[in-house]
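This report refers to the structure that appears directly beneath it.
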Amino acid sequence: MSEAINVNAVKAYLLDLQDRICTGLQAEETDDSQFIEDSWDREAGGGGRSRVLEDGAIYEKAGVNFSHVFGDGLPASATAQRPELAGRTFQAMGVSLVIHPRNPNAPTSHANVRFFIAEKDGADPVWWFGGGFDLTPYYPFDEDVLHWHTVAKEACDPFGDSVYDKYKTWCDEYFFLKHRNETRGVGGLFFDDLCDGGFEQCFATMRSIGDAFNGAYLPIVARRKDMPSTEQQREFQLYRRGRYVEFNLVFDRGTHFGLQTGGRTESILMSLPPLVTWKYNWQPEPGTIEASLYSDYLVPRDWLTELNER
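Everything in the sequence shown is counted per the numbering used here, starting at 4 for the first residue and increasing by one.
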């Protein structure tokens, strides 16, 4: 007899998580900007609740999406690597967010937690959890990186001594721009296909990581949102945002899955920043703080050990 899978409990948690994250982000905004909610339905089944704040004093763009989509079958492009999913009905639900602050000293951040289940008569369901969060600074501060990874480790520790190291390494490897030979930022956590240990254990892991986001990110925003910055820093921020766009369009699994399964394009591409630039064959001047981002931060590092030893 297969273990009971409580899909409704997962959905209730995700809706509540979206509420809590939006409330926390909104509390750091210093003008009258508000999240605009946009509920939508998907013709093939399901829908979602998108919330976007644009052109705020603190957040140039902040999007926090909930989606719950379902259907009678996945397209061939989605089952090519997972043939056991062919011929099954499916449900996919999650919360996904991307925050692009206005101040170049405040980092971009991304997080998502998600659940997938595929079922057919006479067979056990195929299900898993996935998610994580990562930080993309333009002008990094070691205390921010240390705080980020400390909270990430605390979220993982109840589930085993090796979980943080495993998910941290997975994040470094996943959020890597192969064509640039650089990480997207200073990492965090990433996990996928989590089903070992049973539904309740895996659900608890996903909840712990989802619940950790506000505590990981909001203190960094509070420290950096009002720092003075220059036009040169702004130009560098817009240039580096181009890397974010490149990753999301070329590599991101969530973007690909959403588009392949007929998701809502506006919500899927909510992650893209409102302003971004590309420059041909540009490199920072050696010895500058911009150059140190490439040499010291856009590479996998054992952040907790290195920064705690300083």
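Ideal placement from N, C-alpha and C gives every residue a C-beta, glycine not left out. Note that the coordinates shown come from a computational prediction; the quantities given were computed from them, not determined experimentally.
Between the C-alpha atoms of V101 and E288 there is a straight-line separation of about 29 Å. Ranked by Cα distance from G201, the options F179, F162, L180, P231 are led by F162.
Considering only W130, V154, G266, the residue with the shortest C-alpha distance to N9 is W130. Around the beta carbon of R85, a 10 Å sphere encloses fewer than 16 other beta carbons of the protein chains shown; the residue is thus reported as exposed. Cβ neighbours of D44 within its own chain (closer than 6 Å, five residues either side excluded): G50. Listed in chain order, the non-local C-beta contacts of G213 below 6 Å within the same chain comprise L20, V116, local neighbours out to five positions each way being set aside. When C-beta atoms of the region 137 to 151 are compared with those of the region 294 to 304, three or more pairs fall below 8 Å, so the two segments count as touching. If you look at D137, you'll find it in the beta strand (DSSP E) that goes 129 to 139. One thing to note: V148 has its Cβ no nearer than 8 Å to the Cβ of G218. Taking a 10 Å sphere around the C-beta of Q94, we find 16 or more other C-beta atoms and assign the residue as buried. With fewer than three CB-CB distances shorter than 8 Å, the region 27 to 41 does not count as touching the region 246 to 255.
In the structure shown, the three-state DSSP call for T172 is helix. The shortest CA-to-CA distance from S99 to any of A109, G66, P128 is the one to G66.
With fewer than 16 other beta carbons inside 10 angstroms of its own, S165 counts as exposed. Here S42 is not near L56, since their CB atoms are 8 Å or more apart.
When A294, K14, D58 are compared, the shortest CA-CA separation from P276 is found for D58. Take the alpha-carbon of M209 and the one of L17: they are about 10 Å apart.
Separation of A47 and Q286 (C-alpha to C-alpha, rounded to the nearest whole angstrom) is 46 Å. 8 Å or more divides the Cβ of I39 from the Cβ of V224.
Taking 8 Å as the cut-off, the Cβ atoms of E63 and R105 count as close.
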